[in-house]
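Here's the structure, in structure tokens; my notes come after.
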Amino acid sequence: MVTSFFLGFLFGFFIFSSVVSSFMHEFIHSFSAKKTFSDSNGQPSYPFLGCLISFYKNRSRLLDWYTDLLSESPCQTIVVSRLGARRTVVTANPANIEYILKTNFNNFPKGRPFTEILGDLLGCGIFNVDGELWSTQRKLASHEFSTKSLREFVVKTLQEVVDDRLVPLLEAAMEAEEVLDLQDVLRRFAFDTVCKVSLGYDPCCLDLSKPVPPLVKAFDTASEISAMRGMAPMFVVWKLKRALNVGSEKKLKEAIDLVHGCVLEIIRNKKKALEEAKAKSAAARGGEDLLSRLLSAGHDRDVVRDMVISFIMAGRDTTSSAMTWLFWLLSKHENAEKMMVKEVESMLCNGGNGLDFETLKEMNCVKACICESMRLYPPVSWDSKHALDDDVLPDGTFVGKGDRVTYFPYGMGRMEALWGKDWFDFKPDRWFQEPGAENGLLKPVSPFKFPVFQAGPRVCLGKEMAFIQMKYVVASILKKFEIRPVNREQPVFVPLLTGHMAGGLNVLVKRREQK
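Be aware that the sequence shown starts at 1, since it is given in the UniProt record's numbering, and climbs by one per residue.
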């Protein structure tokens with residue numbers, strides 16, 4: 001009874017403190033700041049609440065709400081102020097994005113408010129740090145990702161997992177005329193692949209006869225709850241729950257403990273194996289996976305743990321999300337699918353070494369379709385930085401010290417000003433230098449117009465590897481199978497740490513007729 005009263009009192013005190021703090025901020029802001037863009041667009045905003053009421057009303061369609069507001073803004077930038085959150089600048093303006101991610105990069109780190117959200121899970125991993133710590137890890141990872149041996153290892157791993165697991169699984173579903181959740185299958189595939197490449201560890205997720213490994217469930221739980229932290233209307237709520245170790249924050253802590261424990265166990269075993277191999281032969285080489293490379297270079301255990309967890313997080317759900325939406329879009333656009341199949345068959349019939357690295361690089365039509373899918377359904381819907389000092393964006397928008405600055409790939413893919421009046425159409429042609437040239441050259445598109453892999457100094461190191469993986473999987477599936485969704489209704493895009501399809505993508509697998 002006393003404990004319940006104390007917890008209730010403490011919760012009420014935290015909320016009261018937050019409200020008073022937010023009131024003072026909004027009160028001062030209402031006298032010192034200019035009118036926000038959301039105000040000028042007719043978006044209700046109040047001195048005390050800001051746009052909290054509108055935010056709450058649109059909480060189930062935040063992506064489309066922000067997109068609507070940005071579309072109405074003359075410079076594709078809005079300012080959002082609401083109770084319990086920092087003043088936020090949201091932009092879909094490429095000039096602003098170039099300024100944030102490149103020109104004045106040092107003034108826009110991820111910042112403590114962002115790193116707090118993912119810090120429990122990612123620790124000091126490369127995707128959750130700034131400054132010297134980020135720079136050191138970036139140089140280290142950049143070296144490893146640029147090696148020919150790692151590229152070859154990635155393709156070899158893809159070949160093993162696709163040929164020995166993914167294709168047999170799809171064939172079994174086809175023979176049994178069984179409905180398959182393709183999103184779940186692709187996520188399992190991605191987890192197997194990224195664990196083999198990052199850790200040299202095989203979770204065997206694609207073996208549907210076995211239960212889902214605890215590590216996978218823990219990653220799912222940790223990712224989802226961490227994402228909900230970032231979308232909470234008032235951050236004080238999750239921080240209080242974390243302090244008291246209750247509710248979702250208790251589940252998050254348990255999931256993170258499991259993830260960290262499993263990865264540390266893998267690291268211990270890997271280190272022991274490397275030491276034994278070295279003892280047998282002074283000339284013994286380390287393993288091909290990233291973990292072996294990092295340990296062989298003598299890096300600290302916790303640094304290695306945080307880095308490989310970051311790589312797994314980045315490589316697992318992003319590619320599976322992109323491929324899930326691509327297969328759904330192809331089911332609605334048979335001409336695009338035929339164009340891709342034609343390119344795959346042509347390249348495989350012209351000799352060579354099958355789907356090797358060089359062949360995959362030349363698959364421009366497949367890449368154009370992947371890019372067009374990610375334009376409409378980017379794996380990462382938005383990304384935020386926090387201003388170190390007062391600044392002014394190229395479009396004239398003021399950014400105050402500590403303000404959150406968000407660039408918005410989901411909304412950018414829906415801007416008529418960027419993609420034309422046919423932005424809502426799935427048109428791979430828009431990525432070619434000459435429309436209609438199926439085997440033509442891809443035209444260069446500014447990464448600040450299409451920032452799905454970020455841009456500037458923090459551009460995704462795994463961008464090339466991600467395209468290679470997606471091309472390999474998509475080409476392998478389209479070569480043998482037709483994927484047909486059982487439900488023709490428009491799926492719902494759900495933005496968490498990475499966007500996914502609500503309810504999965506249930507499909508029937510058909511054999512593709514060989515010509």
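All C-beta atoms in this analysis are idealised placements derived from N, C-alpha and C, irrespective of residue type, glycine included.
- Arg316 carries a helical assignment under DSSP once its states are collapsed to helix, strand and coil.
- When the alpha-carbon of Lys480 is set against those of Leu121, Asn93 and Asp163, the nearest one is in Asp163.
- In the pairwise beta carbon analysis, the stretch 163-180 is classified as touching the stretch 469-478: at least three pairs are separated by under 8 Å.
- With a threshold of 16 other beta carbon atoms within 10 Å, Gly131 falls short and is exposed.
- Taken through DSSP and simplified to helix, strand or coil, Val79 comes out as strand.
- The criterion of a C-beta distance shorter than 8 Å is satisfied by Phe426 and Ala336.
- Under the DSSP definition of a beta bridge, Arg484 partners with Leu508.
- Closest option to Val492, judged by alpha-carbon separation, among Gly504, Val486 and Leu442: Gly504.
- Taking the Cα of Pro485 as reference, the smallest distance to any Cα among Glu177, Thr91, Val452 and Glu362 is reached at Glu177.
- By the 16-neighbour rule on beta-carbons within 10 angstroms, Phe108 is buried.
- In this structure, the CA atom of Leu244 is about 52 Å from the CA atom of Lys510.
- In this chain, the alpha helix (DSSP H) harbouring Pro94 covers Pro94 to Glu98.
- By the beta-carbon neighbour count (other beta carbons within 10 angstroms, threshold 16), Met412 is buried.
- The DSSP-derived three-state label of Pro428 is helix.
- Under a 10 Å Cβ-count criterion, Gln469 is classified as buried, with 16 or more other Cβ atoms of the shown protein chains found around its own Cβ.
- When only Cα atoms are considered, Ser223 and Cys349 end up about 42 Å apart.
- Each of Glu513, Ser149, Leu215 and Lys401 was checked against the Cα of Glu254, and the nearest Cα belongs to Leu215.
- DSSP places Lys251 in the helix class (H, G or I) of the three-state scheme.
- In the DSSP assignment, Arg229 falls within the alpha helix (DSSP H) that extends over Pro214 to Met231.
- At a Cβ-Cβ threshold of 8 Å, Ser310 and Ile117 do not count as neighbours.
- Between the beta-carbon of Tyr410 and that of Thr67 there is about 7 Å, and that keeps the pair under the 8 Å contact cut.
- The criterion of a C-beta distance shorter than 8 Å is not satisfied by Val129 and Thr147.
- Three or more pairs of CB atoms, one per stretch, sit closer than 8 Å, so the stretch 93-102 contacts the stretch 400-407.
- If you ignore the 5 residues before and after Glu288, its C-beta comes within less than 6 Å of the C-beta of Phe153, all in its own chain and listed in chain order.
- Cβ atoms of Phe432 and Ala368 come within 8 Å of each other, at about 6 Å.
- Comparing C-alpha distances from Arg138 to each of Leu355, Lys278, Cys124 and Lys251 shows the shortest one belongs to Cys124.
- Beta-bridge annotation (DSSP): Asp383 is paired with Tyr407.
- For Met501, the uninterrupted beta strand (DSSP E) segment begins and ends at Gly499 to Met501.
- Closest by C-alpha distance to Thr318, out of Pro495, Thr77 and Ser142, is Pro495.
- Sixteen is the threshold: since fewer than 16 other Cβ atoms of the shown chains lie within 10 Å of the Cβ of Cys204, the residue is exposed.
- For the set Lys449, Glu144, Trp134 and Lys241, the Cα lying nearest the Cα of Ser292 is the one of Glu144.
- The distance from the Cβ of Lys270 to that of Gly200 is about 6 Å, consistent with a contact at the 8 Å cut-off.
- Per the C-alpha coordinates, the member of Thr91, Val79 and Gly396 positioned closest to Arg414 is Thr91.
- In the DSSP assignment, Thr193 falls within the alpha helix (DSSP H) that extends over Leu182 to Ser198.
- If you look at Thr88, you'll find it isn't in any alpha helix (DSSP H); it sits in the beta strand (DSSP E) that goes Thr88 to Thr91.
- Check the Cα spacing between Lys443 and each of Arg430, Arg316, Gln454 and Trp134: the tightest is with Arg430.
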